[in-house]
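Report on the following structure.
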Amino acid sequence: MPMHRVTIVSLRIVMLRLSLVIFCFIPYLAVAELASVDIYSDEQLLTLIRTDRYLEQVQTDDCQLVQDIEARAEILKQPMYQFLWGEMLNHGVCVPKHASRGMKQLQIAAEQGSAEAMLKLAEYYYHGKMVVKDKNRAVQYVMPAAANGDVPARLMLVRLFSEGYGSPVDYKLGYHWLYNSVFNDEATQKQAASLLQDLAAKMPASIVERAQQPQLH
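In the UniProt record's numbering, the protein residues as written are 1 to 217.
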């Protein structure tokens with residue numbers, strides 16, 4: 001056989017082997033691509049929740065983390081993942097919609113002390129979304145989170161009080177918490193000032209003055 005024909009045959013064999021190697025690696029490359037999304041850290045998830053981008057992020061990640069999220073919620077009982085899993089079920093994001101299961105997850109997270117879950121439940125009862133509207137129940141859900149220093153919860157609590165919901169006995173406490181909060185931005189500070197003004201109109205001036213003190217007596 002002429003030398004040039006031997007060379008051509010050898011080259012074809014090499015190319016065929018190379019093609020087979022690449023073909024064999026394609027499934028592994030696909031798996032590596034799918035596994036490129038890491039589970040969210042607690043800090044990342046908290047930021048996503050606070051900025052109301054948590055469901056959007058799950059969809060942006062092509063629903064790759066559904067099983068991890070479910071396991072962290074249902075098996076590991078991690079409150080922030082119970083919140084996320086519950087909201088995915090409530091809104092049918094990456095899973096079939098199942099509001100009763102979703103609300104149950106939020107309730108479990110709230111019982112474990114999740115301020116985010118308490119606030120979300122309060123919002124659902126405030127607006128009457130997926131549940132019967134009950135603003136007094138919203139007060140019950142949001143008050144523990146407000147007591148623990150959560151500013152969004154304090155804003156909502158004072159809003160509820162200023163609308164006449166909850167017990168007037170607690171108005172001074174709600175006013176005191178929000179008045180002595182620290183705000184991350186001017187918009188939230190202005191919102192707080194407006195809500196405090198509305199609530200102050202429902203309280204005697206002497207009570208308002210005491211509620212404004214750093215320590216409540």
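Glycine is no exception: its CB is placed at the ideal position from the N, C-alpha and C atoms.
Can the beta-carbon of Arg137 be found less than 7 Å from the beta-carbon of Tyr126?
No, these two residues do not count as a Cβ contact at 7 Å.
If you follow the alpha helix (DSSP H) that Ala115 is part of, which residue opens it and which one closes it?
Per DSSP, Ala115 belongs to the alpha helix (DSSP H) from Ala115 to His127.
Do Arg210 and Ser181 have their beta-carbon atoms positioned less than 7 Å apart in this structure?
Going by C-beta atoms, Ser181 is not nearer than 7 Å to Arg210.
Can you list, in chain order, the residues of its chain whose CB lies under 8 Å from that of Leu11, leaving out five sequence neighbours each side?
At Leu11 the pLDDT is 48, less than 50, meaning the model places this residue with poor confidence and gives no usable figure here.
Between the Cα of Gln213 and those of Gly174, Phe183 and Asp185, spot the shortest distance and give me the residue it belongs to.
It is Gly174.
From the DSSP output, in three-state form, read off Ile207 for me.
Ile207 falls in the helix class under three-state DSSP.
What's the C-alpha gap between Arg72 and Gln197?
Between Arg72 and Gln197, the C-alpha separation is close to 42 Å.
Using DSSP with H/G/I as helix, E/B as strand and the rest coil, what is Gln64?
Coil.
Would you call Asp69 buried or exposed, if buried means 16 or more other Cβ atoms sit within 10 Å of its Cβ?
The amino acid occupying residue 69 in the given sequence is Ile; Asp does not appear at that position. It counts as buried.
Lys135 by DSSP, collapsed to three states: which one?
DSSP places Lys135 in helix when its eight states are reduced to three.
In the structure shown, what three-state DSSP assignment does Gln212 receive?
Note: Gln212 maps to coil in three-state DSSP.
Going residue by residue through the stretch 76-105, where are the continuous alpha helix (DSSP H) segments of at least 4 residues, counting only ones entirely within it?
Whole alpha helix (DSSP H) segments, 4+ residues: 79-91.
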